[in-house]
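Comments concern the structure below.
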Amino acid sequence: MKIKAEVLIIGGGATGVGISRDLALRGIPSVLIEKGDFASGASGRNHGLFHSGGRYAVSDPEAAHECISENKILRRIAPHCIEETDGFFISLPEEGLDYRERFLRACEKVGIQTTLLSRDEALEQEPELNPNLLSAVRVPDGAIDPFALVLGNAKDAEEHGAKILLHTEIISLILNGDKVKGAKVKDLYQGEEYFVEASYIINATGAWASQTLKLAGLPIGMALSKGSMLITNRRLTHRVINRCRPPFDGDIIVPNHTVSILGTTSIRLEEVENFEVTPHEVSLLIQETSKMIPAIQGTRLIRAYAGIRPLFQSEEKGDDRAISRGFVLMDHEKRDGIKNLVTITGGKLMTYRLMAEKTSDLICKKMGTNVPCSTHSKPLPGANRPTGLTERLKQFTTDRGEVLCDCELIQKEEVKALLEKEKLKNFQDILHRTRLAKGTCQGGFCVYRLFGLLHELRKIEGDSNKILKGFLEERWKGIRPVLWGTALKEEELIESIYKGIFNL
Amino acid sequence: MNKKTWPKSNADACIRCTTCMAVCPVSRVTPKFPGPKQAGPAAARFRRPGEPSADDWIDLCIGCHLCDMVCSSGVNVSELNLIAKAKYLDEKGRPFRDWLLTHSYLWGQLGSFFSPLINLLFKNPVIKWMGEVILKIDRRRELPGYEFLTFRQWFNRKPTKGNPKIAYFYGCYTNTNEVDVGKATVQVLEANGFEVTLPPQRCCGIAMLGNGDFKGAKKMARYNIPSLLNTIHSGSKIVFSSTSCGHMIKHQYSHLLSIPSAEEVAQHLFDVFEFLRNLKESNSLNTHFKELSLKAAYFTPCHLRALGMGIPALEILRLIPGLQIDQIEADCCGMGGTFGFKKEKYEISEEIGKDLKEAIDRLNPEMILTDCEGCRIQIRHLTGLKVLHPIQILRDALQNDG
Chain A
327 MKIKAEVLII GGGATGVGIS RDLALRGIPS VLIEKGDFAS GASGRNHGLF
377 HSGGRYAVSD PEAAHECISE NKILRRIAPH CIEETDGFFI SLPEEGLDYR
427 ERFLRACEKV GIQTTLLSRD EALEQEPELN PNLLSAVRVP DGAIDPFALV
477 LGNAKDAEEH GAKILLHTEI ISLILNGDKV KGAKVKDLYQ GEEYFVEASY
527 IINATGAWAS QTLKLAGLPI GMALSKGSML ITNRRLTHRV INRCRPPFDG
577 DIIVPNHTVS ILGTTSIRLE EVENFEVTPH EVSLLIQETS KMIPAIQGTR
627 LIRAYAGIRP LFQSEEKGDD RAISRGFVLM DHEKRDGIKN LVTITGGKLM
677 TYRLMAEKTS DLICKKMGTN VPCSTHSKPL PGANRPTGLT ERLKQFTTDR
727 GEVLCDCELI QKEEVKALLE KEKLKNFQDI LHRTRLAKGT CQGGFCVYRL
777 FGLLHELRKI EGDSNKILKG FLEERWKGIR PVLWGTALKE EELIESIYKG
827 IFNL
Chain B
1436 MNKKTWPKSN ADACIRCTTC MAVCPVSRVT PKFPGPKQAG PAAARFRRPG
1486 EPSADDWIDL CIGCHLCDMV CSSGVNVSEL NLIAKAKYLD EKGRPFRDWL
1536 LTHSYLWGQL GSFFSPLINL LFKNPVIKWM GEVILKIDRR RELPGYEFLT
1586 FRQWFNRKPT KGNPKIAYFY GCYTNTNEVD VGKATVQVLE ANGFEVTLPP
1636 QRCCGIAMLG NGDFKGAKKM ARYNIPSLLN TIHSGSKIVF SSTSCGHMIK
1686 HQYSHLLSIP SAEEVAQHLF DVFEFLRNLK ESNSLNTHFK ELSLKAAYFT
1736 PCHLRALGMG IPALEILRLI PGLQIDQIEA DCCGMGGTFG FKKEKYEISE
1786 EIGKDLKEAI DRLNPEMILT DCEGCRIQIR HLTGLKVLHP IQILRDALQN
1836 DG
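Structure (structure tokens):
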């Protein structure tokens, strides 16, 4: 089998689908391949911070500027993916106010709006904050749902003629002189290998960018920096809480739906797969974030996870935090003499749209066309859908049928509608598209109910015991680092259900 | 209501074991209420202090506390519900009916004085129909009648006797609607050699609390606690005969309402049968019972269970020769204080009571005994049987007809 594409995009993260949409809106058809589900890499494994740019204002003004301008655009085009919470940069007595002054000046320079709040004002708005704080600076941070954002882009791209192939892995890039002819790919479900012929190829594989380029014999220097995060059982604050000091481990708390996310660490890795959160990171994150919110010491954690920041580097540097969070658009025509290959990496979820715009501009230039970008003004599909916790609770009130998930209040009908609408083959893909398994029990109770529903709809493919085991192993990986106290008690109960009742 | 006055929420401790869902009387009979786990710890993750309540089902929590009792992790589920309910009703506003139902202490005296007329009116179908249409008090409910002579009036005309002193918190319902419960309590205590005193007291406020009116309930508590504290400091213990009043003062005043000194009062406050059981354990209980040939059944009120003292009434009643007493195997009668009077909740209330009625039918007793006035109202309504407070039977067994 062979398919032809004008543009082949490799990677289904925010950048890849962003490019797919950008090109589609310009009338350029593309095929996107992704070896897993959408947002399987850094796009889906971050703290969901909707940056104001404040975090980078002092150290990386350029990245900060990109953040604040994308911040304004995304509020318009993807309001349903964003919770406009605002954020605080709080100063603690340990650091004093030196950094705050630099921070305020830097924010002003890049155009991030700030408001200085006194200790009492800050505590009134966020009563869980450390009462010893000196002051807080309010910035337009927020919380973003990365998966919804990626899904929205993908949906709109497909509606405008783009083709997206999930669970399809790249095997090799076929070079022909100064051009890449196309890619040999493999459908991981059917096991079928086939060739995608393309006029232009975009490598948007994030942390895997170097690996992908190796297929064409063009390795680049990437720094892989692991960032670990912890999820609390309940939302601790309404706003994003940052520590007002130079970026360091455990300096941010991001609200996200029903939970708060404590982040992050920065640890250099050699390998892009098989990494986990270490006990040391867990202690470090609790120790540091509890300086901002003392209640974290006693709060229940439900999961630990990590993502890899795809940082591009031209030469070795000591501290990964010092590498710019700005993105890199690499034209391999200039670098390596390969005319139709482009790599886009580095950057942040926050600037995915800008990265897509610049990449698409480059492709247009290569094609010799001149269609302008319109992603900054066209809202994503579903942009006026209500969001928020109160709304969910209200929905639960009004059309409550059988409940699948007790923690996130998800009804059977809701999941049923999704399963009937979308052709989802993979079990994890179903979980990604709902909030199932994202609450207190992390899927301990809702997942077997979901299996019941899948059987009812005759949707399950393959060996369900194997799928369930796979899920439980993945779940265990996330739970194990934070397993003590109440969580341990609950885990004993869940283990007895799966081992004792289901005989797994 | 500021943050600090709430008891610490331990919703995090919920391990989703679902035991509470199995005992909740409300979710058992209606899909409208999602059950303790979902209404409590699960919904707590969605509630935001600054945003309006979205959970109108929270008003269906009957306040039985059974969920708290069975929780393996010590989650204060019913408190989470009550706090959410208070917020919901504060925002939505309470109907005049709820105010009427929770402030009955205000016109108890008046009700007593005009009882011949009022009781007649309460039975009048036209009045009941109007009550349903205007106030949404279900007309299928019998309205409890008033007694002409209040308990307190009776007490004041009675010669005092005995030593040492014991104080009695009788509660509004005993004072104006079931005076004989108060008389029986006094007579049993006197038969055990105590001099009964009545410290100044007002309604305990449980009906207000149950309707999410924390402010009203606190007002009551702030009157009662200093008065009861005085009594304790004068060296007297206090007993109550209503397990609902008892639970309110002993548990909720300190725990949920954070009333200063309530903890101290709680330590000296006893259910009347708990007090008698203590006497029995020190061999000083008057057990000169006459034989009563009676087949009765005993029902354990939820608030008695929540007090965590076993079932002292049953232990004492079983000392009475000839009295055959069976325990009714059923949870929650469904009355829930004022809950069962409300038109929108009447059917839920009756449906909950079905189990209880069936259990009673199986036992086929001549009479039902239970410590809570709400349960008594409901059981009379469901079965038409005679329903008394166990202290009334104990008094009968102690009375020597000669």
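Quick mapping for you: the protein sequence lines, in order, are chains A and B. The C-terminal residue of the first sequence carries number 830 in the working numbering, and the numbering is unbroken. The C-terminal residue of the second sequence carries number 1837 in the working numbering, and the numbering is unbroken. Glycine is no exception: its CB is placed at the ideal position from the N, C-alpha and C atoms.
Query - Neighbouring residues, chain A, relative to Ala1748 (chain B) (Cβ below 9 Å) - result: Here residue 1748 (chain B) is taken as the residue at index 313 of the second sequence, counted from 1. Simply none; closest approach about 36 Å.
Query raised in the report: Under a three-way DSSP split, which group does Ile1828 (chain B) fall into?
Result: Counted from its first residue, the second sequence places residue 1828 (chain B) at position 393. Reduced to three states, the DSSP call for Ile1828 (chain B) is helix.
**Report entry** Closest Cα partner of Ile329 (chain A) within the set A:Ala509, A:Ala743, A:Ile408, A:Leu418
**Finding:** Translated into the one-based positions of the first sequence, residue 329 (chain A) becomes position 3. Per the Cα distances, A:Ala509.
Requested in this report: Hey, could you find the ends of the beta strand (DSSP E) Val566 (chain A) is sitting in?
Outcome: As a first step, residue 566 (chain A) must be located in the first sequence, where it is residue number 240. In the DSSP assignment, Val566 (chain A) falls within the unbroken beta strand (DSSP E) covering 566 to 569.
Query raised in the report: Is Arg401 (chain A) helix, strand or coil by DSSP?
Result: Here residue 401 (chain A) corresponds to residue number 75 of the first sequence, with the count starting at 1. Reduced to three states, the DSSP call for Arg401 (chain A) is helix.
Query raised in the report: Do you know how far the Cα of Glu782 (chain A) is from the Cα of Glu641 (chain A)?
Result: For the purposes of this step, residue 641 (chain A) is identified with residue 315 of the first sequence, where counting begins at 1. For the purposes of this step, residue 782 (chain A) is identified with residue 456 of the first sequence, where counting begins at 1. A caution first: Glu641 (chain A) carries a pLDDT of 42, below 50, which makes its placement in the model unreliable, though a value can still be read off. Answer to the nearest angstrom: the Cα atoms are 56 Å apart.
Requested in this report: Please work out which residues of its chain come closer than 7 Å, Cβ to Cβ, to Phe753 (chain A), disregarding the five sequence neighbours upstream and downstream, and give them in chain order.
Outcome: Locating residue 753 (chain A) in the first sequence gives position 427, counting from the first residue. Excluding residues within five positions, the ones whose Cβ falls inside 7 Å are Ile793, Phe797.
Query raised in the report: Should Ala1448 (chain B) be flagged as near chain A, meaning a C-beta pair shorter than 9 Å?
Result: Along the second sequence, read from residue 1 onward, the residue named residue 1448 (chain B) stands at position 13. At least one beta carbon of chain A lies nearer than 9 Å to the beta carbon of Ala1448 (chain B).
Query raised in the report: Which residue comes first and which comes last in the beta strand (DSSP E) that contains Val1725 (chain B)?
Result: The residue labelled residue 1725 (chain B) in the question sits at position 290 within the second sequence. The sequence shown places Lys at residue 1725 (chain B), rather than the Val named in the question. Going by DSSP, Lys1725 (chain B) is part of no beta strand (DSSP E) at all; its letter is neither H nor E.
Query raised in the report: Any idea what DSSP makes of Leu595 (chain A), helix, strand or coil?
Result: For the purposes of this step, residue 595 (chain A) is taken as the residue at position 269 of the first sequence. Strand.
Query raised in the report: What are the boundary residues of the beta strand (DSSP E) that Gln1588 (chain B) is part of?
Result: Translated into positions along the second sequence, residue 1588 (chain B) becomes position 153. That residue, Gln1588 (chain B), is in no beta strand (DSSP E); its alpha helix (DSSP H) goes 1586 to 1591.
Report task. My understanding is that Gly1757 (chain B) touches Leu1727 (chain B), with C-beta atoms under 8 Å, so please give their C-beta distance in whole angstroms. Result -> Indexing the second sequence from 1 puts residue 1757 (chain B) at position 322. Indexing the second sequence from 1 puts residue 1727 (chain B) at position 292. Separation of the CB atoms of Gly1757 (chain B) and Leu1727 (chain B) is rounded to 5 Å, and the pair is thereby assigned contact status at 8 Å.
Query raised in the report: In chain order, what residues of the same chain lie with their CB nearer than 8 Å to the CB of Gly422 (chain A), ignoring the 5 residues before and after it?
Result: Residue numbering aside, residue 422 (chain A) sits at position 96 when the first sequence is read from its first letter. Counting only Cβ-Cβ distances below 8 Å, and skipping sequence neighbours, we find Leu460.
Report task. Express the C-alpha separation of Asp1490 (chain B) and Ala1479 (chain B) in angstroms, rounding to a whole number. Result -> Here residue 1479 (chain B) refers to the residue found at position 44 when the second sequence is read from its first residue. Here residue 1490 (chain B) refers to the residue found at position 55 when the second sequence is read from its first residue. As the crow flies, the alpha-carbon of Ala1479 (chain B) is around 11 Å from that of Asp1490 (chain B).
Query raised in the report: Since Asp732 (chain A) meets chain B, which of its residues come closer than 7 Å, beta carbon to beta carbon?
Result: For this step, residue 732 (chain A) is matched to residue 406 along the first sequence. Within chain B, the residues near Asp732 (chain A) are Arg1451, Lys1472, Gln1473, Ala1477.
Requested in this report: Measure from the C-beta of Pro1469 (chain B) to each C-beta in chain A and report whether the shortest distance is under 9 Å.
Outcome: Sequence index remark: in the second sequence, residue 1469 (chain B) carries index 34 (1-based). So yes, Pro1469 (chain B) belongs to the interface.
Query raised in the report: Tell me, which residues are paired with Gly468 (chain A) by DSSP?
Result: Within the first sequence, the letter at position 142 stands for residue 468 (chain A). A:Phe376.
Query raised in the report: Out of A:Arg431, A:Asp424, A:Asn791, A:Gly770, which has the shortest C-alpha to C-alpha gap to Ser822 (chain A)?
Result: Your numbering for residue 822 (chain A) matches position 496 in the first sequence. The alpha carbon of Ser822 (chain A) has as its nearest neighbour, out of A:Arg431, A:Asp424, A:Asn791, A:Gly770, the alpha carbon of A:Gly770.
Query raised in the report: Any C-beta of chain A sitting closer than 9 Å to the C-beta of Glu1486 (chain B)?
Result: If you number the second sequence from 1, residue 1486 (chain B) lands on position 51. Glu1486 (chain B) counts as touching chain A.
**Report entry** Beta-bridge pairing of Gly672 (chain A) - partner residues as DSSP gives them
**Finding:** To locate residue 672 (chain A), count along the first sequence from 1; it is residue 346. DSSP output for Gly672 (chain A) lists A:Phe653 as bridge partner(s).
Query raised in the report: chain A beta carbons: is any one of them nearer than 9 Å to that of Asp1490 (chain B)?
Result: On the second sequence, position 55 is the one that residue 1490 (chain B) refers to. Yes, its Cβ sits closer than 9 Å to a Cβ of chain A.
**Report entry** Selection of the segment 1508 to 1533 of chain B by Cβ proximity to chain A, strictly under 7 Å
**Finding:** Under the 7 Å Cβ criterion, the segment 1508 to 1533 of chain B contributes Ser1508.
Query raised in the report: Residue range of the beta strand (DSSP E) that Met548 (chain A) falls in?
Result: Here the question's residue 548 (chain A) lines up with position 222 in the first sequence. Note, Met548 (chain A): beta strand (DSSP E), 548 to 558.
Query raised in the report: Which residue comes first and which comes last in the alpha helix (DSSP H) that contains Tyr1505 (chain B)?
Result: Reading the second sequence from its first residue, position 70 is the one you call residue 1505 (chain B). The amino acid at residue 1505 (chain B) is misidentified as Tyr; the sequence shows Val. From DSSP, the alpha helix (DSSP H) with Val1505 (chain B) extends over 1501 to 1505.
Query raised in the report: Does the separation of the CB atoms of Leu334 (chain A) and Ala524 (chain A) fall below 9 Å?
Result: Start at 1 with the first residue of the first sequence, and residue 334 (chain A) comes out as number 8. Start at 1 with the first residue of the first sequence, and residue 524 (chain A) comes out as number 198. Closer than 9 Å, so yes.
Query raised in the report: Can you tell which of A:Glu447, A:Ile394, A:Leu779 has the C-alpha that lies nearest to the C-alpha of Glu746 (chain A)?
Result: Position 420 of the first sequence holds residue 746 (chain A). That would be A:Leu779, whose Cα lies nearest to the Cα of Glu746 (chain A).
Query raised in the report: With C-beta atoms as the reference, is Leu611 (chain A) less than 9 Å away from Leu588 (chain A)?
Result: The sequence position of residue 611 (chain A) within the first sequence is 285, counting from 1. The sequence position of residue 588 (chain A) within the first sequence is 262, counting from 1. Going by beta carbons, Leu611 (chain A) and Leu588 (chain A) fall inside the 9 Å limit.
Requested in this report: Would you check if the distance between the CB atom of Pro1736 (chain B) and the CB atom of Cys1807 (chain B) is smaller than 9 Å?
Outcome: In the second sequence, residue 1736 (chain B) corresponds to position 301, counting from 1. In the second sequence, residue 1807 (chain B) corresponds to position 372, counting from 1. Cβ distance < 9 Å, so Pro1736 (chain B) and Cys1807 (chain B) count as in contact.
**Report entry** Beta-carbon contacts of Gly714 (chain A) that lie in its chain and below 8 Å, excluding the five residues immediately before and after
**Finding:** Translated into the one-based positions of the first sequence, residue 714 (chain A) becomes position 388. Excluding residues up to 5 positions away in sequence, Glu409 lie with their Cβ nearer than 8 Å to the Cβ of Gly714 (chain A) in the same chain.
Report task. State the Cα-Cα distance for the pair Val522 (chain A) and Gly788 (chain A), rounded to the nearest angstrom. Result -> Within the first sequence, numbered from 1, the residue matching residue 522 (chain A) stands at position 196. Within the first sequence, numbered from 1, the residue matching residue 788 (chain A) stands at position 462. Between Val522 (chain A) and Gly788 (chain A), the C-alpha separation is close to 28 Å.
Query raised in the report: Interface residues of chain B around Leu715 (chain A) at Cβ under 7 Å?
Result: Here residue 715 (chain A) corresponds to residue number 389 of the first sequence, with the count starting at 1. What Leu715 (chain A) touches in chain B: Phe1481, Arg1483.
Query raised in the report: Shortest alpha-carbon distance to Val1707 (chain B) belongs to which of B:Val1464, B:Tyr1608, B:Gly1681, B:Thr1632?
Result: For the purposes of this step, residue 1707 (chain B) is taken as the residue at position 272 of the second sequence. Among B:Val1464, B:Tyr1608, B:Gly1681, B:Thr1632, the Cα nearest to that of Val1707 (chain B) is on B:Gly1681.
**Report entry** Inter-residue CB distance, Lys684 (chain A) and Leu655 (chain A) (contact presumed, cutoff 8 Å)
**Finding:** In the first sequence, residue 684 (chain A) corresponds to position 358, counting from 1. In the first sequence, residue 655 (chain A) corresponds to position 329, counting from 1. Right, the Cβ-Cβ distance comes to about 5 Å (below 8 Å), so this counts as a contact.
Requested in this report: Taking only runs that begin and end inside the segment 453 to 518 of chain A, name each unbroken beta strand (DSSP E) of 3 or more residues, in chain order.
Outcome: You should have 461 to 465, 468 to 470, 489 to 491, 494 to 502, 505 to 513.
Report task. Taking Thr494 (chain A) as the query, report the chain B residues whose CB atoms sit under 9 Å from its CB, ordered along the chain. Result -> In the first sequence, residue 494 (chain A) corresponds to position 168, counting from 1. Listed along the chain, the chain B residues whose CB falls inside 9 Å of the CB of Thr494 (chain A) amount to none; the nearest CB is some 37 Å away.
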